[in-house]
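Student: Going down the list, the sequences are from chains H and B. Residue numbers for the first sequence, in the working numbering: 1 to 328. Residue numbers for the second sequence, in the working numbering: 1 to 416.
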Amino acid sequence: MTRRNLPAYNHILMTRSNDTSQTFNHRHLIGLRFLSKQDLQLILKQAKSFKDLFDRPIKQVPTLRGKTVMNLFFEPSTRTRLSFETATRLIGATPMNMDVSTSSVQKGESLFDTVQNLAAMGVDAFVIRHPYGGASQFVADHFDIPVINGGDGVHEHPTQGLLDIFTLQEKLGDLAKKRILIWGDIAHSRVARSNIWALTKLGAEVYVGGPQTLIPSGIESLGATVIKDFDLAIEAMDAINILRVQFERQDTGYFPSIREYKSRFRVTEERLKNAKESLIILHPGPINRGIEIESQVADGKRSVILDQVTNGVAIRMAILYMLLTGKK
Amino acid sequence: MSTINYINGKIIDPRDGTLTIQNIMVKDGVILGLGYLPDEDDKTIEVVDLKRKLLIPNVVDSSVTMMSPGYEDRETLSALSNAANNSGITHIVGFPEYSHDSPENILHLQIMANKAKNTHFHLVGDITKKKKGSELAEISLMKDEGIVAVSDVNSPDNLALFKNALIYTKDLNIPLVVRPRESALSDGGVINSGAVATQLGLKSQPMVSESLRVARDIQMVKYYGGHIHFFPITTKESLRLIRQAKSEGLSITCGTAPHYLYFTEDDLSNYDTFKKVCPPLRTSEDQRALIEAIKDGTIDCIGSDHKPMSYDEKRCDFQSATFGISSIDYFLPLVINKLHMQEKIGWEIIQRLISINPRRIFNLPDAKFAVGHRAQFTVVDVEEKQTIELDKIRSNGKNCPYVGLEIKSKVTHHVL
Numbered sequence: 001m002t003r004r005n006l007p008a009y010n011h012i013l014m015t016r017s018n019d020t021s022q023t024f025n026h027r028h029l030i031g032l033r034f035l036s037k038q039d040l041q042l043i044l045k046q047a048k049s050f051k052d053l054f055d056r057p058i059k060q061v062p063t064l065r066g067k068t069v070m071n072l073f074f075e076p077s078t079r080t081r082l083s084f085e086t087a088t089r090l091i092g093a094t095p096m097n098m099d100v101s102t103s104s105v106q107k108g109e110s111l112f113d114t115v116q117n118l119a120a121m122g123v124d125a126f127v128i129r130h131p132y133g134g135a136s137q138f139v140a141d142h143f144d145i146p147v148i149n150g151g152d153g154v155h156e157h158p159t160q161g162l163l164d165i166f167t168l169q170e171k172l173g174d175l176a177k178k179r180i181l182i183w184g185d186i187a188h189s190r191v192a193r194s195n196i197w198a199l200t201k202l203g204a205e206v207y208v209g210g211p212q213t214l215i216p217s218g219i220e221s222l223g224a225t226v227i228k229d230f231d232l233a234i235e236a237m238d239a240i241n242i243l244r245v246q247f248e249r250q251d252t253g254y255f256p257s258i259r260e261y262k263s264r265f266r267v268t269e270e271r272l273k274n275a276k277e278s279l280i281i282l283h284p285g286p287i288n289r290g291i292e293i294e295s296q297v298a299d300g301k302r303s304v305i306l307d308q309v310t311n312g313v314a315i316r317m318a319i320l321y322m323l324l325t326g327k328k
Numbered sequence: 001m002s003t004i005n006y007i008n009g010k011i012i013d014p015r016d017g018t019l020t021i022q023n024i025m026v027k028d029g030v031i032l033g034l035g036y037l038p039d040e041d042d043k044t045i046e047v048v049d050l051k052r053k054l055l056i057p058n059v060v061d062s063s064v065t066m067m068s069p070g071y072e073d074r075e076t077l078s079a080l081s082n083a084a085n086n087s088g089i090t091h092i093v094g095f096p097e098y099s100h101d102s103p104e105n106i107l108h109l110q111i112m113a114n115k116a117k118n119t120h121f122h123l124v125g126d127i128t129k130k131k132k133g134s135e136l137a138e139i140s141l142m143k144d145e146g147i148v149a150v151s152d153v154n155s156p157d158n159l160a161l162f163k164n165a166l167i168y169t170k171d172l173n174i175p176l177v178v179r180p181r182e183s184a185l186s187d188g189g190v191i192n193s194g195a196v197a198t199q200l201g202l203k204s205q206p207m208v209s210e211s212l213r214v215a216r217d218i219q220m221v222k223y224y225g226g227h228i229h230f231f232p233i234t235t236k237e238s239l240r241l242i243r244q245a246k247s248e249g250l251s252i253t254c255g256t257a258p259h260y261l262y263f264t265e266d267d268l269s270n271y272d273t274f275k276k277v278c279p280p281l282r283t284s285e286d287q288r289a290l291i292e293a294i295k296d297g298t299i300d301c302i303g304s305d306h307k308p309m310s311y312d313e314k315r316c317d318f319q320s321a322t323f324g325i326s327s328i329d330y331f332l333p334l335v336i337n338k339l340h341m342q343e344k345i346g347w348e349i350i351q352r353l354i355s356i357n358p359r360r361i362f363n364l365p366d367a368k369f370a371v372g373h374r375a376q377f378t379v380v381d382v383e384e385k386q387t388i389e390l391d392k393i394r395s396n397g398k399n400c401p402y403v404g405l406e407i408k409s410k411v412t413h414h415v416l
């Protein structure tokens, strides 16, 4: 730790010690449905501290030096993994990546054995992405190492949900009573679910819409309201989170063709003409340019897509910090 | 050459469920007399005082999956039979997991099962060869070897073949046992469709998958005849259809399993693989409908739906885990605890569910509780509380979601 790094490190410690009345008592981050409003606010506050570091010439802090964070990704991902890797390095820890495509998993090694072997190597935390909901929970239940859910099937993607609310709060202020629309393939979206859990806890009004075949039954039970008419609803919205059309998750015909999807559901400048001036556009990425989102919208003044990416690193630093320095 | 007098047991009157104290004199395993009081001086007669405990003759578990042969890692025949004996089950309707479509298969399995000696196995053969759904299996020859029913798990998708199966088995007077499910709607699903599936992010099986198949199969029986026994039934809509079919006098019977009475989809929020079953746990509304259907006689029997699984098959994420609950241990106490203790259902109904109706539906041989017949009964202390313990499970399958549950009633004697 050089003298130049010291002020930044102290700054983070001070932020944490100022909040002695509230503590983050979770060992794992499996989903936002398990977190309280206070938990969310603590995370956002911590992330803000880390984001402030990004303006400094030396962004890295040695806070978690000596810790190893293992990225265990059973599904392809570039952005989430790179974001976690970046966050891990910036906070002083060492990232490791297990590349499933060339691992023993291809030889039929079970999830349990894979994790057990890695745990025996002395890993301090797992970031797990898996095609099936509940996989992160399973690992958390069977091993004593902090687990961060990097996306499990269609269940949750908590760090994405967190960076989304961080971005929304950054741009819109207090999210209570703000109207957020999540638009697109809700049925196959873990991002949508994490967003709905977090936003409703913060008092926002959450709306979902898209092809009716892709609205999952019982989505209202999470606290969202289903809307059918985009053009009618858009005037009242403060933000839209546009979801990617997930061709790889669809096995049967939910809609007839891409051109029909574009015609009915694509978000374009034209369709935003009656929206509020202050309306912002989010997208979890990667975007299918021209399909669910018009290029002009993705690159336009309303778009905060790149802010999301930056915020993602700060959020992930905050989560690593809070899980790896928290109470056992 | 022993004579035993079981005294002070309470027998259930099948008409109204009243309990009367009767003594049963048994010589060499055969009932010599009912209500007979021993001679004071006759010291050769052993007296067993049942102390006013409940006595249920010929307890039948109408649905047990036999993992041997083929899946011995899950359970051996001897472990299964020990577990059944320990649970006080006298007769098992056994569904081999591995295809059994010829008289040779059945004969071999029957011989193996008979070696177990702790319970009576009544076997179920395949409807079609290798359960593939394209050609009828040798049902008549299998019947000669003693099968009591045929089943391919689901009813045949091929309607032409299904028609022939119904007509053929009607002629042989054996039922088709069907777990009703539309695979096109359900395949890949691991939980009931609805809010819980959406919250947990799991692929799901909609309730219409069950009721649609029930509706289809009822229509086929109505037109072509035959007898279908649906097991397990889990939804309100299926019960409505079956109730209607019975009111029309159709040859339709059905059963359900204790887990659909104890648990709902809400119990899956922690992704407990021990509660992963097919069909999946449903809603509390469906659970209420099942209880009402038990009371009004729409449901004919309760079977354990025993499916033991190996440790590794359940020690994984929910989507990947195999379906099945190891439910033969504690079967009878669980049924009595739920139906009589909690739901206050009369003894005459319970006796029908686990003894009289399954014997009738499957035409089980030699199962009368009368003088001259084998003495086969189970004694239950309905006041005694017990906690279900993992260590006490005799089945090889430890995938039992009831562990830790405190229930009222306990099996104390099992006479075969």
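No residue lacks a Cβ here, since even glycine has one placed at the ideal position from N, Cα and C.
Kindly say whether G218/H, judged by its beta-carbon, lies nearer than 8 angstroms to any beta-carbon of chain B.
Tutor: With 8 angstroms as the cut-off, G218/H counts as an interface residue toward chain B.
Student: Are any of the Cβ atoms in chain H nearer than 8 angstroms to that of S320/B?
Tutor: Yes - at least one Cβ of chain H is within 8 angstroms of the one on S320/B.
Student: Note down, in chain order, every chain B residue with its Cβ under 8 angstroms from the Cβ of R193/H.
Tutor: Going along chain B in sequence order, the residues near R193/H (Cβ under 8 angstroms) are T198, Q199 and G201.
Student: In whole angstroms, what is the alpha-carbon distance linking P158/H and D272/B?
Tutor: Cα to Cα, P158/H sits roughly 21 angstroms from D272/B.
Student: First and last residue of the alpha helix (DSSP H) that includes E104/B?
Tutor: Here the alpha helix (DSSP H) through E104/B covers P103 to A116.
Student: Determine whether the Cβ of Q106/H lies closer than 8 angstroms to any Cβ atom of chain B.
Tutor: No, because no Cβ of chain B sits closer than 8 angstroms to the Cβ of Q106/H.
Student: Between which two residues does the beta strand (DSSP E) carrying V48/B extend?
Tutor: Residues I45 to D49.
Student: Can you tell me where the alpha helix (DSSP H) holding M297/H begins and where it ends?
Tutor: The question names Met, yet the displayed sequence has Val at residue 297/H. Segment S295 to D299, the alpha helix (DSSP H) holding V297/H.
Student: What in chain H is Cβ-close to C316/B, meaning under 7 angstroms?
Tutor: Correct list: S110, L111, F112 and F138.
Student: Output the boundary residues of the beta strand (DSSP E) element that contains Y6/B.
Tutor: Taken as a continuous stretch (DSSP letters only), the beta strand (DSSP E) holding Y6/B covers T3 to I12.
Student: Quick one: which residues of the region 303 to 314 of chain B get their C-beta closer than 9 angstroms to a C-beta of chain H? List them in chain order.
Tutor: Against chain H - using a Cβ distance shorter than 9 angstroms - the residues of the region 303 to 314 of chain B are D312.
Student: At the level of alpha carbons, what is the spacing between S303/H and I186/H?
Tutor: Distance between the alpha carbons of S303/H and I186/H: 20 angstroms.
Student: Going by alpha carbons, who is nearest to A160/B out of T128/B, D144/B, H340/B and R315/B?
Tutor: Minimum Cα distance to A160/B is reached at T128/B.
Student: Using a C-beta to C-beta distance shorter than 7 angstroms, which residues of chain H count as neighbours of G194/B?
Tutor: Correct list: S217 and G218.
Student: What does a CB cutoff of less than 8 angstroms around P14/B pick up in its chain, not counting 5 residues either side in sequence?
Tutor: Here the set comprises E348, Q351, R352 and I356.
Student: Could you check which residue in P256/H, L42/H, A314/H and V123/H has the C-alpha nearest to that of T55/H?
Tutor: Checking the displayed sequence, the identity of residue 55/H turns out to be Asp instead of Thr. Taking only the C-alpha atoms, the option nearest D55/H is A314/H.
Student: Pull out every residue of the region 115 to 143 of chain H whose Cβ sits closer than 9 angstroms to any Cβ of chain B, in chain order.
Tutor: Result list: H130, P131, Y132, G133, G134, A135, S136, Q137, F138, V139, D141 and H142.
Student: How is the alpha helix (DSSP H) around S211/B delimited, first residue to last?
Tutor: Unbroken alpha helix (DSSP H) run through S211/B: M207 to Y224.
Student: Does any residue of chain B have a CB that is nearer than 8 angstroms to the CB of S103/H?
Tutor: Judged by the 8 angstroms Cβ criterion, S103/H is not in contact with chain B.
Student: Using 8 angstroms as the threshold, is the region 282 to 297 of chain H in touch with the region 159 to 172 of chain H, meaning 3 or more CB pairs across them?
Tutor: Yes, the region 282 to 297 of chain H is in contact with the region 159 to 172 of chain H.
Student: Counting only C-beta atoms, is V154/H closer than 8 angstroms to chain B at any point?
Tutor: Yes, its Cβ sits closer than 8 angstroms to a Cβ of chain B.
Student: Taking a Cβ distance cut-off of 9 angstroms, strictly less, list which residues of the region 201 to 230 of chain H are near chain B, in chain order.
Tutor: Within the region 201 to 230 of chain H, the residues whose Cβ lies closer than 9 angstroms to some Cβ of chain B are P216, S217, G218, I219, E220, S221 and L222, listed in chain order.
Student: Tell whether a beta-carbon distance below 8 angstroms holds between L168/H and A239/H.
Tutor: Taking 8 angstroms as the Cβ cut-off, L168/H and A239/H qualify as a contacting pair.
Student: Rounded to whole angstroms, what's the CA-CA distance from D113/H to D317/B? Just pull it up for me.
Tutor: Approximately 13 angstroms between the Cα atoms of the pair.
Student: Taking the alpha carbon of Q386/B as the reference point, which residue from F369/B, Y330/B and A375/B has its own alpha carbon closest?
Tutor: Selected option, being the one with the closest Cα: Y330/B.
Student: State the Cα-Cα distance for the pair R179/B and E313/B, rounded to the nearest angstrom.
Tutor: The alpha-carbon atoms of R179/B and E313/B are separated by roughly 22 angstroms.
Student: Express the C-alpha separation of E205/H and Q38/H in angstroms, rounding to a whole number.
Tutor: Straight-line Cα distance between these residues: approximately 18 angstroms.
Student: Might you give, ordered along the chain, the residues of its own chain that have their beta carbon closer than 7 angstroms to the beta carbon of G346/B, omitting 5 neighbours on each side?
Tutor: Closer than 7 angstroms at Cβ, skipping near neighbours: G17.
Student: Suppose you measure from the CA of G300/H to the CA of N288/H; what does that come to, to the nearest Å?
Tutor: Approximately 16 angstroms between the Cα atoms of the pair.
Student: Classify S62/B: buried if its beta carbon has 16 or more other beta carbons within 10 angstroms, exposed otherwise.
Tutor: Looking at its Cβ environment, which holds 16 or more other Cβ atoms inside 10 Å, S62/B is buried.
Student: Name the chain B residues whose beta carbon is nearer than 7 angstroms to that of R190/H?
Tutor: Simply G201.
Student: Which complete alpha helix (DSSP H) runs does the region 17 to 84 of chain H hold, if anything under 4 residues is left out?
Tutor: List check, alpha helix (DSSP H) in window: 37 to 53.
Student: Out of L199/H, A192/H, A233/H and F34/H, state which residue places its alpha-carbon closest to the alpha-carbon of A176/H.
Tutor: If we check each option's Cα against that of A176/H, L199/H comes out closest.
Student: Assuming F73/H contacts R81/H (C-beta within less than 8 angstroms), just tell me the rounded distance between them.
Tutor: So it is a contact: roughly 6 angstroms between Cβ atoms.
Student: In this structure, how does DSSP classify Y271/B when only helix, strand and coil are distinguished?
Tutor: If DSSP states are grouped into helix, strand and coil, Y271/B belongs with coil.
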